[in-house]
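Chemist:
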Amino acid sequence: MAREPVRAIVTGLVQLALLTGSALAAGDPVRGRELATSLCGRCHATGPTGASPLPTAPPFRTLDERYPIESLAEGLAEGLVTGHPAMPEVRLEPEAIADFLAFLEDLSRYREEPPNSGGLSGRRSR
Numbered sequence: 001m002a003r004e005p006v007r008a009i010v011t012g013l014v015q016l017a018l019l020t021g022s023a024l025a026a027g028d029p030v031r032g033r034e035l036a037t038s039l040c041g042r043c044h045a046t047g048p049t050g051a052s053p054l055p056t057a058p059p060f061r062t063l064d065e066r067y068p069i070e071s072l073a074e075g076l077a078e079g080l081v082t083g084h085p086a087m088p089e090v091r092l093e094p095e096a097i098a099d100f101l102a103f104l105e106d107l108s109r110y111r112e113e114p115p116n117s118g119g120l121s122g123r124r125s126r
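Heads up, the sequence shown is in this note's numbering, so the first residue is 1 and it goes up one at a time.
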């Protein structure tokens, strides 16, 4: 009887490891930007500049200063319920998580590169 919860936990951890390991490589930052803008843009700044419409909501370009981007995958898969007080629960499917994380990675890279160097272009250079 005690094996079922352990099996479920192990299965979840394996799935999370697979998702986290492949999420940034497989995601589409353009689709991730569209997702971020439609789901989160009324509170969060989703671009490379500007303040968030809701002052307590951090601009997405600064999330990598608070958390390793790949660590957000688990919360997005299980249902992100923390954040600013007005934030609704956010739960995404694996493909959407990969796109969203690729967008955040691209957005943080854009901050580090001059605007004409390819950031947020949908192309992912490494």
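In this text, a Cβ means the ideal position worked out from N, Cα and C, and glycines have one as well. Owing to the predicted nature of the structure, the values given are computational and were not obtained by experimental measurement.
Look up residue 80 in the DSSP assignment and say whether it is helix, strand or coil.
Modeler: Three-state DSSP puts residue 80 in a strand.
Chemist: Within its chain, find whatever has a CB closer than 6 Å to the CB of residue 33; leave out the 5 residues flanking it on each side and keep chain order.
Modeler: Correct list, in chain order: 103.
Chemist: Return the CA-CA distance between residue 55 and residue 88, expressed in angstroms with no decimal places.
Modeler: Answer to the nearest angstrom: the Cα atoms are 16 Å apart.
Chemist: Can you give the beta carbon distance from residue 26 to residue 100, rounded, assuming they're within the 8 Å contact cut?
Modeler: Going by Cβ atoms, the distance from residue 26 to residue 100 rounds to 12 Å, so no, they are not a contact pair.
Chemist: Residue 123 by DSSP, collapsed to three states: which one?
Modeler: Confidence in residue 123 is poor, its pLDDT being 44 and thus under 50, which makes the residue's placement unreliable; the coordinate value appears in the next sentence. Looking at residue 123 - three-state DSSP - the assignment turns out to be coil, as it is neither helix nor strand.
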